[in-house]
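Numbering (the working numbering), first residue to last: 85 to 223.
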């Protein structure tokens, strides 16, 4: 799976649809809307921290992801330089090494190193910020 995933088209479509449905369900979740608003206010909408609504992306972005995009992302970022393998259980070091050599021994090192992301400066905020959800009931 790590070294040579196939990313079947049917599975990509299924997961894209599942994520789109989840995003639609979360669109009116007050708790998540308030968190997203606080992040935008604290970090600014143009930063990775402020732009993420919920960690799942946006319906628009998810709908545009293709199998080719996923294959390219995996080729670029999932490589030995960006990975750590952790083995837990009743296994000795020699046995673990032998098992890993058979699995990742042919793993290519081509691709990119993970980017360093800096923490943005906090935005100066003040005032009252309302999120209007017409028709939403309070209980």
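Heads up, the beta-carbon is just placed ideally off N, CA and C, and yes, glycines get one too.
{"Check": "Separation of residue 144 from residue 104, as counted between CA atoms", "Outcome": "9 Å"}
{"Check": "Burial state of residue 109 (16 or more Cβ within 10 Å)", "Outcome": "exposed"}
{"Check": "Alpha helix (DSSP H) runs wholly inside the stretch 145 to 175, at least 4 long, in chain order", "Outcome": "151 to 161"}
{"Check": "Top-ranked residue by Cα proximity to residue 166, from 94, 199 and 154", "Outcome": "199"}
{"Check": "contact_flag[the stretch 148 to 155, the stretch 185 to 193] where n(CB pairs < 8 Å) is 3 or more", "Outcome": "no"}
{"Check": "Euclidean distance between Cα positions of residue 97 and residue 140", "Outcome": "16 Å"}
{"Check": "Nearest to residue 216 (by Cα), restricted to the options 94, 101, 88 and 111", "Outcome": "111"}
{"Check": "Residue 186, enclosing alpha helix (DSSP H) - first and last residue", "Outcome": "177 to 188"}
{"Check": "Per-residue burial, residue 163 [other beta carbons within 10 Å of its own, 16 or more giving buried]", "Outcome": "buried"}
{"Check": "Distance between beta carbons of residue 159 and residue 128, contact taken as under 8 Å", "Outcome": "With 8 Å as the limit, residue 128 and residue 159 do not qualify as a contact, their Cβ atoms being about 32 Å apart."}
{"Check": "DSSP-derived helix/strand/coil call for residue 112", "Outcome": "coil"}
{"Check": "Span of the alpha helix (DSSP H) around residue 134", "Outcome": "132 to 135"}
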